[in-house]
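Before any comments, here is the structure.
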Amino acid sequence: MLKRWLQTITLTDVVVWAIGLIIGIAVIYGTISTLRADIYSTTQWIDLIIGGFKLGGIYALIALGYTLVYGILRMINFAHSEVFMSGPFTAVFLAKFLHAKGFYNSQPVISLLLITILSVGVSMGIALMLERIAYRPLRNAPRLVPLITAIGASFFLQYTFRGLYGNDLESYPTMKVLQGKLSLGIIQIQKADLIVIIAAFIMMMLLYIVVQYTKMGKAMRSVSEDKETAALMGIDVDKIIVSTFALGGASAGIAGILYVLIFNTAHFYMGFIPGLKAFTAAVLGGIGNVPGAWLGGMILGLLESLGPNLFLTGLGVPAVSQLKDAIAFTVLVLILIFRPTGLLGERLSKAKA
Amino acid sequence: MNNLASAAWKKALNTGLVSGILAIMISLIGMVESFGDTFIINRFVSLGDILHMAPILILIYGAIKTYDQATWKLQLAYSTFSGAIAGLMLTVLVLFGSALDIREMLVNASPTLFRLLMFGIELPGGAFILILKGTLLGALAIGLFRLQPRWRNAIMQGIIWVVLIGTLRDQILLASFVQIEPLNSILRGFVFAQSGLTQFGGILLFLIVVAAYYFLGGRKKVVANNKQTPEKLRKSRLTRFGIAGIALLLLPPVLGLFFSEVLDSVGLFILMSLGLNIVVGFAGLLDLGYVGFYAIGAYTMAVFTSPEMGFFNLSFWQALPIALLFSVLAGVILGLPVLRMRGDYLAIVTLGFGEIIRLLALSDWLKPWLGGTQGIQRIAQPQIGPIAIDTLQEIYYLILLGIGLVAFVSIRLKDSKVGRAWMAIREDEDVAAAMGINPVFSKLMAFATGALFAGLSGSLLGAKLTSVYPHSFTFIVSINVLSIIIIGGMGSIPGVLIGGLVLMGLPGVLTEFEEYRWLFYGAALVMMMLTRPEGLWPETRRKLELHEAEEEVLEEDLTPAIQSGD
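Each protein sequence line maps, in turn, to chains H and G.
One gets our numbering by counting positions in the first sequence from 1 and adding 257 to each.
One gets our numbering by counting positions in the second sequence from 1 and adding 1209 to each.
Spelled out as structure tokens, the structure:
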């Protein structure tokens, strides 16, 4: 028994497990020594956890776009990070305009609504254009062809927006209503952060309901199971693919507004890193799986926020927050190596291409 | 018939709208303005003019195919209609932009841009100019379409050459060989003006190129018709290689310092592309973190030779094998776990890996070893006996040697056992495995070879710049290399060489172009995938693979015809 098991082990497995073991030991050792040294206070930890939740919500909303498209077309929509960027980068000009007119602080709710609508509209428009121009002609092409197209489209969009709106960091005017902190018991939380966390949660619930219970959502799931059968059942596959892109674009547009509520700036390059992390979140939760995107986003947000301080401080690494992106990408590499189906598994479809 | 006509009008309208949008986009992105003073023919045509008019011309020309059955008068009507629509859209942009100041958002919508679009004429008249411009472009498209192919080709080449030489006026005058009298005074006096070509020079160049292409284009066919023995073919190929080799050796002294710098960076990227070509082109593994191996090569060279770090102080030649070894090791260590993955997951994992390497090099944590944000300076430069190879021109020969070596290895590998295994895996991994090929081993070989070449390129980069910074190793480098091999032709070595020369050489020489470089690469990647996924200089085998589906369709179409023929 043991002998046969030993025979199945290859060099690959040994290397993979060695890498896993080294990282695992480093993480556990780092965590224990950080906690022992007692460097950070409870409030600091709570702040980090809140930070993790707000990032997680945004990642989850972006991840939804990756997940839905992957579920249906089996392709990584690499340009989704630019779909995410385009909305808030356009809406910043509306926000500035409203701010200059004084409307921004006198009517914050309406202003925020208008900005969100513009952001959603632009993101959705870009997503639909991508689908129509770049992806639709390539539906039956070899796997790498659409991916390369998506990478090209991503760069094209980035630098188009840079050309249109300029290379500067555009800062969102701050909303007076959202300034300041709320205290809930022992927890102190920024108003903007609270809104982001709640809004992301509500949006995820809504999108889950759309995918799970509406007619369109059912059609989407059936297309992802089997395109031909779905077409035979009278589902317009093209239309469903278009609405998938629209839904993904809309959630990216909302995620974009939530993102700028926290970070206050928009830039042509703002999409790349969050996009990659959101993809990580989608894979972490199980790509093609809506609750998975939520779970993956939250876990990644928390890991990114807590990870540097928790794992690395104890290892004696200086300036830990520099490495938060490295942690996120390590999670990406590890999850793809050890469990490419994600935590909840690929749900939208079982058949793998 | 009526239906057909209305379909044609619809197509013409669509073409006009799309080309109008494209022209507006090009204007708003800022290309018209920033190339507005890069004259091709002095004070007459600038690169900006060409850039916003060419898409209109090309799209209208492309649309003619859909109504080539119509009479020429109707064709002219459709095309000028498309052109007028495009001109009208530009007019809308100008009117809108002049009435409202939208520069807060669209930074390039400036009065200067509008003046350039209207050829310097103020508004009421300018609107007329814009529409006239579009209409004339439509007419020009028909004119070109109705020409004999041989003439058309010659004229197109003439335009391309005039644009190219006119744009590169400053750079050409910098070249060493131009400094020789009488050539210098002739060029400065008659051919080149303050900016771009003189009118006389432009017309002369155009006529020369047109004549050359017209007569040579005719002769080529005759040569091709002659049956050549393999012996003769090999001989002619050898002479061609010989001439190309001598030309390459003479380049730095002939072209001078400015071009040597460009040639060096072109060379380094070609070296990397040849490596990635093995991974992506031969084995079909999309590696987006390729820059990581480049970084490992450069950083190993830096750490082992720089006295600043003070660890080893080796010489270039001592450190080179270590750098190569480290790159290969990194390739194997990364390769082992990730090679079980499917194509697109592999791409993302390698991307993550490349970013991790950059972030680690950037961090304060590894600063004592890798220098952090400040990077590492004072890297040793190679020395052969008493001769130090330290100028850009000398490094060029080193890079050239590297490319020659790597290209030779690539060509030999392609037809070797492992090369054929790569091809088999690329086409169908499961079948390849069933045929007794070990996919993990073969893929690992591809990864390691690719990493080796990137490591070599990185070491040479270190020696060229004598310093490394983490900012030189961003994701965009990987995309750059990927663009070279995809546009050149995946798996095709001449494709990679030409692709590298064009994609790195043009922006290197034309520095104003730098800002739009990624825009062009992105657009080129999408266009290539949509229209010619095998690349511009494809490898035959790859071309067959990518067009397999089309051939099947073709066969299906043919079968009933054959049967009915029986």
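Backbone N, C-alpha and C define an ideal beta-carbon position, used for all residues, glycine too.
For clarity, every value in this text was computed on a predicted model and none was experimentally measured.
Cβ of residue i within 9 angstroms of any chain G Cβ
| i | result |
| --- | --- |
| F341(H) | no |
| R596(H) | no |
| Y416(H) | yes |
| T406(H) | yes |
| Q579(H) | yes |
| K353(H) | yes |
| T324(H) | no |
| V402(H) | yes |
| F613(H) | No answer is possible for residue 613(H): the residues shown for chain H start at 258 and end at 610. |
| V517(H) | no |
| S368(H) | no |
| I333(H) | yes |
| F413(H) | yes |
| L600(H) | no |
| T501(H) | no |
Rounded distance between the beta-carbons of residue j and residue i, thought under 8 angstroms
| i | j | result |
| --- | --- | --- |
| Q1590(G) | I1598(G) | 6 angstroms |
| A1350(G) | Y1270(G) | 4 angstroms |
| I466(H) | V480(H) | Not a contact, Cβ separation roughly 18 angstroms. |
| L541(H) | G553(H) | 4 angstroms |
| A391(H) | T406(H) | 5 angstroms |
| G1744(G) | G1709(G) | G1744(G) to G1709(G), Cβ: 12 angstroms. No contact. |
| F1587(G) | E1517(G) | In the sequence under discussion, the amino acid at residue 1587(G) is Arg, which differs from the Phe named in the question. Yes, R1587(G) and E1517(G) are in contact; Cβ-Cβ is about 5 angstroms, under 8 angstroms. |
Simplified DSSP assignment, three categories, for residue i
| i | result |
| --- | --- |
| E1724(G) | helix |
| V1431(G) | At V1431(G) the pLDDT is 49, less than 50, meaning the model places this residue with poor confidence and gives no usable figure here. |
| T522(H) | strand |
| Q1586(G) | strand |
| Q264(H) | helix |
| V271(H) | helix |
| S479(H) | helix |
| E1331(G) | coil |
| L1425(G) | helix |
| A336(H) | coil |
| E485(H) | helix |
| S368(H) | helix |
| E1440(G) | helix |
| L426(H) | coil |
is_contact[residue i, chain H] using C-beta, thresh 9 angstroms
| i | result |
| --- | --- |
| V1547(G) | yes |
| D1553(G) | yes |
| W1574(G) | yes |
| P1264(G) | no |
| L1739(G) | yes |
| G1550(G) | The sequence shown places Met at residue 1550(G), not Gly. At least one chain H Cβ lies under 9 angstroms of M1550(G). |
| F1684(G) | yes |
| M1240(G) | yes |
| G1561(G) | yes |
| I1542(G) | yes |
| G1493(G) | yes |
| I1688(G) | yes |
Give, in chain order, every residue of the segment 378 to 395 of chain H whose Cβ lies closer than 9 angstroms to some Cβ of chain G. Answer set for the segment 378 to 395 of chain H: I390, A391, P394, L395.
Using a beta-carbon distance cut-off of less than 7 angstroms, what residues from the segment 1647 to 1663 of chain G approach chain H? V1649
Contact residues within the segment 1306 to 1338 of chain G, judged by C-beta distance below 8 angstroms to chain H: E1313, M1314, L1315, V1316, N1317
Pick out the complete alpha helix (DSSP H) segments inside the segment 1604 to 1634 of chain G, 4 residues or longer, and give them in chain order. none
With 8 angstroms as the limit, tell me which residues of the segment 275 to 289 of chain H have their beta carbon closer than that to any beta carbon of chain G; keep them in chain order. I276
Closer than 9 angstroms, Cβ to any Cβ of chain G: which residues of the segment 415 to 434 of chain H, in chain order? Q415, Y416, T417, R419, G420, L421, Y422, G423, N424, D425
Note down, one range per segment and in chain order, each alpha helix (DSSP H) of at least 4 residues found wholly within the segment 1626 to 1692 of chain G. 1626 to 1636, 1638 to 1643, 1648 to 1674
If we require 4 or more residues per run, which alpha helix (DSSP H) segments fall completely within the segment 1692 to 1723 of chain G? 1702 to 1718
Segments assigned alpha helix (DSSP H), at least 4 residues, entirely inside the segment 1348 to 1411 of chain G: The segment 1348 to 1411 of chain G is shown to contain whole alpha helix (DSSP H) runs of 4 or more residues at 1358 to 1376, 1378 to 1383, 1392 to 1395, in chain order.
Length-filtered (4 minimum) alpha helix (DSSP H) runs lying within the segment 1245 to 1328 of chain G: 1256 to 1273, 1281 to 1308, 1320 to 1326
Give me the subset of the segment 1211 to 1236 of chain G whose CB atoms are less than 8 angstroms from a CB atom of chain H, sorted by chain position. M1234
Any chance you could list the alpha helix (DSSP H) runs of at least 4 consecutive residues sitting entirely within the segment 1442 to 1525 of chain G, in chain order? 1466 to 1485, 1500 to 1514
Name, going along the chain, the residues of the segment 554 to 585 of chain H whose beta-carbon falls closer than 7 angstroms to a beta-carbon of chain G. V574, P575, A576, Q579, L580, D582, A583
Using a Cβ-Cβ cut-off of less than 9 angstroms, give me the residues of the segment 1718 to 1731 of chain G that come near chain H, in sequence order. If the cut-off is 9 angstroms between Cβ atoms, the segment 1718 to 1731 of chain G has E1724, Y1725, R1726, W1727, L1728, F1729, Y1730, G1731 near chain H.
Name, going along the chain, the residues of the segment 1607 to 1622 of chain G whose beta-carbon falls closer than 7 angstroms to a beta-carbon of chain H. none
Taking Cβ-Cβ distances below 9 angstroms as the criterion, which residues of the segment 1387 to 1401 of chain G are in contact with chain H? none
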